[in-house]
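2 protein chains.
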Amino acid sequence: EEVEKLLQLKAQIADDVQPHKFVLKCPKGTRDYNPQQMAIREGVFNTIIKCFKRHGAETIDTPVFELKETLTGKYGEDSKLIYDLKDQGGELLSLRYDLTVPFARYLAMNKIANIKRYHIAKVYRRDNPAMTKGRFREFYQCDFDIAGQYDSMIPDAECVKIVAEILTSLDLGEYKIKVNHRKLLDGMFAACGVPDDKFRTICSTVDKLDKTFWEDVRAEMVDEKGLNPEAADRIGHYVKFQGGMESVELLLKDETIQKQKSAVEGLEDLKLLLVYCELYGIADKVMFDLSLARGLDYYTGVIYEAVLQGYTNKPSAKEEESVSVGSVAGGGRYDGLVGMFDPRGKMVPCVGVSIGIERVFSILEQRVLASNAKIRTTETEVFVVSAQKNLLEERMKLCKELWDADIKTEQSYKRNPKPLDQFQYCENNGIPLAVIIGQSEIQEGVVKLRVVATRKECVVPRNTMVEEIKKELAQLSRDT
Amino acid sequence: EEVEKLLQLKAQIADDVQPHKFVLKCPKGTRDYNPQQMAIREGVFNTIIKCFKRHGAETIDTPVFELKETLTGKYGEDSKLIYDLKDQGGELLSLRYDLTVPFARYLAMNKIANIKRYHIAKVYRRDNPAMTKGRFREFYQCDFDIAGQYDSMIPDAECVKIVAEILTSLDLGEYKIKVNHRKLLDGMFAACGVPDDKFRTICSTVDKLDKTFWEDVRAEMVDEKGLNPEAADRIGHYVKFQGGMESVELLLKDETIQKQKSAVEGLEDLKLLLVYCELYGIADKVMFDLSLARGLDYYTGVIYEAVLQGYTNKPSAKEEESVSVGSVAGGGRYDGLVGMFDPRGKMVPCVGVSIGIERVFSILEQRVLASNAKIRTTETEVFVVSAQKNLLEERMKLCKELWDADIKTEQSYKRNPKPLDQFQYCENNGIPLAVIIGQSEIQEGVVKLRVVATRKECVVPRNTMVEEIKKELAQLSRDT
Numbered sequence: 001e002e003v004e005k006l007l008q009l010k011a012q013i014a015d016d017v018q019p020h021k022f023v024l025k026c027p028k029g030t031r032d033y034n035p036q037q038m039a040i041r042e043g044v045f046n047t048i049i050k051c052f053k054r055h056g057a058e059t060i061d062t063p064v065f066e067l068k069e070t071l072t073g074k075y076g077e078d079s080k081l082i083y084d085l086k087d088q089g090g091e092l093l094s095l096r097y098d099l100t101v102p103f104a105r106y107l108a109m110n111k112i113a114n115i116k117r118y119h120i121a122k123v124y125r126r127d128n129p130a131m132t133k134g135r136f137r138e139f140y141q142c143d144f145d146i147a148g149q150y151d152s153m154i155p156d157a158e159c160v161k162i163v164a165e166i167l168t169s170l171d172l173g174e175y176k177i178k179v180n181h182r183k184l185l186d187g188m189f190a191a192c193g194v195p196d197d198k199f200r201t202i203c204s205t206v207d208k209l210d211k212t213f214w215e216d217v218r219a220e221m222v223d224e225k226g227l228n229p230e231a232a233d234r235i236g237h238y239v240k241f242q243g244g245m246e247s248v249e250l251l252l253k254d255e256t257i258q259k260q261k262s263a264v265e266g267l268e269d270l271k272l273l274l275v276y277c278e279l280y281g282i283a284d285k286v287m288f289d290l291s292l293a294r295g296l297d298y299y300t301g302v303i304y305e306a307v308l309q310g311y312t313n314k315p316s317a318k319e320e321e322s323v324s325v326g327s328v329a330g331g332g333r334y335d336g337l338v339g340m341f342d343p344r345g346k347m348v349p350c351v352g353v354s355i356g357i358e359r360v361f362s363i364l365e366q367r368v369l370a371s372n373a374k375i376r377t378t379e380t381e382v383f384v385v386s387a388q389k390n391l392l393e394e395r396m397k398l399c400k401e402l403w404d405a406d407i408k409t410e411q412s413y414k415r416n417p418k419p420l421d422q423f424q425y426c427e428n429n430g431i432p433l434a435v436i437i438g439q440s441e442i443q444e445g446v447v448k449l450r451v452v453a454t455r456k457e458c459v460v461p462r463n464t465m466v467e468e469i470k471k472e473l474a475q476l477s478r479d480t
Numbered sequence: 481e482e483v484e485k486l487l488q489l490k491a492q493i494a495d496d497v498q499p500h501k502f503v504l505k506c507p508k509g510t511r512d513y514n515p516q517q518m519a520i521r522e523g524v525f526n527t528i529i530k531c532f533k534r535h536g537a538e539t540i541d542t543p544v545f546e547l548k549e550t551l552t553g554k555y556g557e558d559s560k561l562i563y564d565l566k567d568q569g570g571e572l573l574s575l576r577y578d579l580t581v582p583f584a585r586y587l588a589m590n591k592i593a594n595i596k597r598y599h600i601a602k603v604y605r606r607d608n609p610a611m612t613k614g615r616f617r618e619f620y621q622c623d624f625d626i627a628g629q630y631d632s633m634i635p636d637a638e639c640v641k642i643v644a645e646i647l648t649s650l651d652l653g654e655y656k657i658k659v660n661h662r663k664l665l666d667g668m669f670a671a672c673g674v675p676d677d678k679f680r681t682i683c684s685t686v687d688k689l690d691k692t693f694w695e696d697v698r699a700e701m702v703d704e705k706g707l708n709p710e711a712a713d714r715i716g717h718y719v720k721f722q723g724g725m726e727s728v729e730l731l732l733k734d735e736t737i738q739k740q741k742s743a744v745e746g747l748e749d750l751k752l753l754l755v756y757c758e759l760y761g762i763a764d765k766v767m768f769d770l771s772l773a774r775g776l777d778y779y780t781g782v783i784y785e786a787v788l789q790g791y792t793n794k795p796s797a798k799e800e801e802s803v804s805v806g807s808v809a810g811g812g813r814y815d816g817l818v819g820m821f822d823p824r825g826k827m828v829p830c831v832g833v834s835i836g837i838e839r840v841f842s843i844l845e846q847r848v849l850a851s852n853a854k855i856r857t858t859e860t861e862v863f864v865v866s867a868q869k870n871l872l873e874e875r876m877k878l879c880k881e882l883w884d885a886d887i888k889t890e891q892s893y894k895r896n897p898k899p900l901d902q903f904q905y906c907e908n909n910g911i912p913l914a915v916i917i918g919q920s921e922i923q924e925g926v927v928k929l930r931v932v933a934t935r936k937e938c939v940v941p942r943n944t945m946v947e948e949i950k951k952e953l954a955q956l957s958r959d960t
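Those sequence lines, one after another, are chains A and B.
The first sequence lines up with residues 1 to 480 when you count with the numbering used here.
The second sequence lines up with residues 481 to 960 when you count with the numbering used here.
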């Protein structure tokens, strides 16, 4: 029989041996998650979802692709990074670039004027990947947004509070949440003499200040974007403003700024935001920073970004030392986006935050690697061990009983596994309990229970086995 | 100030009113999930994942797209349904068509010879959608697979057990799990005089027997696929074989079948499978059915499919009555697929099952609609109500305390919401408790607690509020 099996296998192999020219890889910029990574990911998601639910959020889901025209004109200079699907007849489709535009499309399409929702899903960008830094072409976004016509800064402050709660509970170390305001930026640009039609592109350039030095940013403004050098230098003066309420007050007294209505509105919003952050107990985490710009076109009000301390975004001589995973959350107010989808231009004001979860994964994965900690990837509680040969059917009956009692149970898939191999499997996989049967146990109507860690054994009657196991598992989980 | 706000709004609207030619829709064959649908989906996922974990499974994830060549040559006649991405420079990519081929690629790429994993994720098929029947172009698959060289039928029987556990716990009514074997089908085709090179295509046609009548299947075999009519009629004789162990025994005694070695091997496997199903307590759910074929090319051994009773797959005169969601799970053994990816053709035998979760969603959604039941889409426990004007800051302090104590809390995003509106919100959203503050409560250092359902109120000191709320919530959850 063995010979026949082997011959059969050989025949199958022969059938399949063609010249295999497969490139065995994931597409560029993407990765598989192995079970250890999934265990980390599950833990992070649970922490974040718990926070969203604590704030009363619902969740929705949207398709991974949208009509191409849904995404057109929403991402400014970044539109070139959108993945298009091949025209195979029918609609022209693109993979979603973020979760915000699909959310706005969903609100307009369903005429929803109020919702507080979170959405955790993958998005796609044909960007230059830097996978060790957690920058991928396929990556998770993890968004919380509040849509609705509400009073100034109340939902905005809650978004900032949520960022603080999540970063604190993920235990990523010290962090700061920088806040700024698009109206203040616009007013400041006007005050500095930037022409109206250059606001957005100059804003994109200012956004690079967290990744590079002022000299480079200035050069891009002047040389590439044609801004006159005096305007650039005036911008250079203002982007240094940062701090708490005192910085906001100081700017409000600046005579050039005072002349810009939109700048004053932005500063008044920021004052209110800082007051609310104080009430929410997070004033020490929040910092006004006029150099914060955020790249996306659609922001219209408050913007914010959380940065971990102890990581740097600036280019460093020792590239491998600087993990460059500083920014871990960001968001802001976008009151015009839903109106872009509504046939009558009806506005639904929105404010939201996106957690940079891939950077969080990277940090936690590196931490696990460094600590050499072993992560369990299964939750198996009991392994059914046969002490002798020819007990497969007895093992099956035991497994059935345990599964039916909702006890997480495994057994060997071999007819006659060696006892040592079975115990080894328990130890390798952190399974706490083994149920052992042999001929004598069957005759006496009992099973042997072994605590894998201590090898302590006891004999229990077969008909009270399930209760005894539940007691033992409860005891073990109290002990740890 | 109000006038200014309105003018401002008007200006914004004017800015945005362009000729909006957006088609506001999801791509053909896809859908959004609203919060109610997400709540149903979450419940179904939890039930299924709990079962997978009970059987000791790990989980992995793979990218939503693969290199095009990874999918090439795996799906037979269905390959035309694969979504390709546009060639934007770089690799040629396709959206995944199922989770099985990416799993096989993952095993070969990482040289994994043993794993028991589940994977729940969306897959993509450019099929003709039938959305009311739960057939989409973007849909979830929910797969459990056991890879490894093990003894005959032990992992296979566990897959069948898992299907039974899941369908029972989802409470979808009566069901049957049909089982068959690819080797038996091949042997039967050979016995009936089907030429070797027509096995796969005739198998695809037999697979339609659960959706249409024998006459149509026969016509396709003879007219489209060029099978001689006598062979078709012989197939017609055999595909009627169904039942339990006695049907398998009967076929084993059939002289034509006996001559086909592969048929006998298939029948021996099926006998063993039925014995194991008996030990797992699911014999009454499992039924041998020689007409079960399953479309995919890659199956090599046992195949199975679960069908709900009370639903029909057959075309019906009254289309709207027949919901046609009979088949809700399926799978089988595929020992050759991983070898197709390995440069040396090294085989990793696999067996798995896929839960047809979209059909499950459809059934449960329709059930909820029919019952008029209200599903909560948030888990909010407490709503902070202000009884008078100008208490926003007090509310914020209360919310902070409650959030920091991990109590799920909401408040109005208006500065001065009306008390009635706030209570209405609680009732509409099933929020069990309201915390009420007014000037007098603030002066006395207390808050009022109201049970929303009964309107029963009590006054508790501000400094023991959190404990009192936790007690009250525990009491309320015991009562329901």
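Note that CB positions come from ideal geometry on N, CA and C, so glycine has one too.
Quick check: is the beta carbon of residue i nearer than 7 Å to any beta carbon in chain A?
i         : result
Ile-783/B : no
Phe-525/B : no
Arg-534/B : yes
Ile-540/B : yes
Met-589/B : yes
Tyr-905/B : no
Asp-963/B : In the structure as shown, chain B begins at 481 and stops at 960. Residue 963/B is therefore absent and cannot be evaluated.
Lys-888/B : yes
Out of the options, which has the shortest C-alpha to C-alpha gap to residue i?
i         : options                                       : result
Leu-274/A : Lys-111/A, His-181/A, Lys-122/A and Phe-383/A : His-181/A
Ala-405/A : His-535/B, Asn-514/B and Gly-790/B            : His-535/B
Asp-539/B : Ala-190/A, Asp-78/A, Ala-39/A and Leu-67/A    : Per the sequence presented here, residue 539/B reads as Thr, with Asp not at that position. That would be Ala-39/A, whose Cα lies nearest to the Cα of Thr-539/B.
Ala-329/A : Ile-357/A, Ser-204/A and Phe-341/A            : Ile-357/A
Gln-443/A : Gly-430/A, Pro-461/A and Val-452/A            : Pro-461/A
Lys-28/A  : Lys-80/A, Arg-135/A and Cys-51/A              : Arg-135/A
Ala-637/B : Cys-622/B, Lys-854/B, Val-782/B and Thr-580/B : Val-782/B
Thr-542/B : Phe-189/A, Ile-154/A, Asn-34/A and Leu-250/A  : Asn-34/A
Tyr-655/B : Val-640/B, Asp-666/B, Lys-663/B and Phe-669/B : Val-640/B
Met-188/A : Gly-173/A, Leu-251/A and Lys-397/A            : Leu-251/A
Cys-899/B : Ile-917/B, Asp-676/B, Trp-883/B and Ile-528/B : Checking the displayed sequence, the identity of residue 899/B turns out to be Pro instead of Cys. The option with the nearest alpha carbon to Pro-899/B is Ile-917/B.
Asp-32/A  : Ala-601/B, Gln-846/B, Ala-786/B and Leu-650/B : Ala-601/B
Ile-737/B : Lys-691/B, Ala-671/B, Gln-722/B and Arg-774/B : Ala-671/B
Kindly indicate if chain B contains any beta-carbon less than 7 Å away from that of residue i.
i         : result
Glu-467/A : no
Leu-184/A : no
Thr-168/A : no
Phe-65/A  : yes
Glu-224/A : no
Asp-84/A  : yes
In the DSSP assignment, find the unbroken alpha helix (DSSP H) run with residue i in it and report its ends.
i         : result
Arg-605/B : Looking at the DSSP string, Arg-605/B is not in any alpha helix (DSSP H), and its letter there is neither H nor E.
Thr-580/B : 580-589
Cys-350/A : First-last for Cys-350/A: 350-355, but that is the beta strand (DSSP E), not the alpha helix (DSSP H).
Glu-138/A : First-last for Glu-138/A: 138-147, but that is the beta strand (DSSP E), not the alpha helix (DSSP H).
Gly-819/B : 817-821
In the DSSP assignment, find the beta strand (DSSP E) that holds residue i and state where it starts and stops.
i         : result
Asn-660/B : 655-661
Gln-891/B : 889-891
Looking only at DSSP bridge pairs, what is residue i linked to?
i         : result
Pro-461/A : Val-446/A
Gly-812/B : Ile-783/B and Gly-832/B
Positions along the stretch 126-154 of chain A whose CB lies within less than 8 Å of some CB in chain B: Arg-126, Glu-138, Ile-146, Gly-148, Tyr-150, Asp-151 and Ile-154
Got a sec: which bits of the stretch 375-404 of chain A sit with their beta carbon under 8 Å from any beta carbon on chain D, in order along the chain? In the displayed structure, chain D is absent; the protein chains listed are A and B.
Closer than 9 Å, Cβ to any Cβ of chain B: which residues of the stretch 329-351 of chain A, in chain order? Asp-335, Gly-336, Gly-339, Met-340, Phe-341, Asp-342, Pro-343, Arg-344, Gly-345, Lys-346 and Met-347
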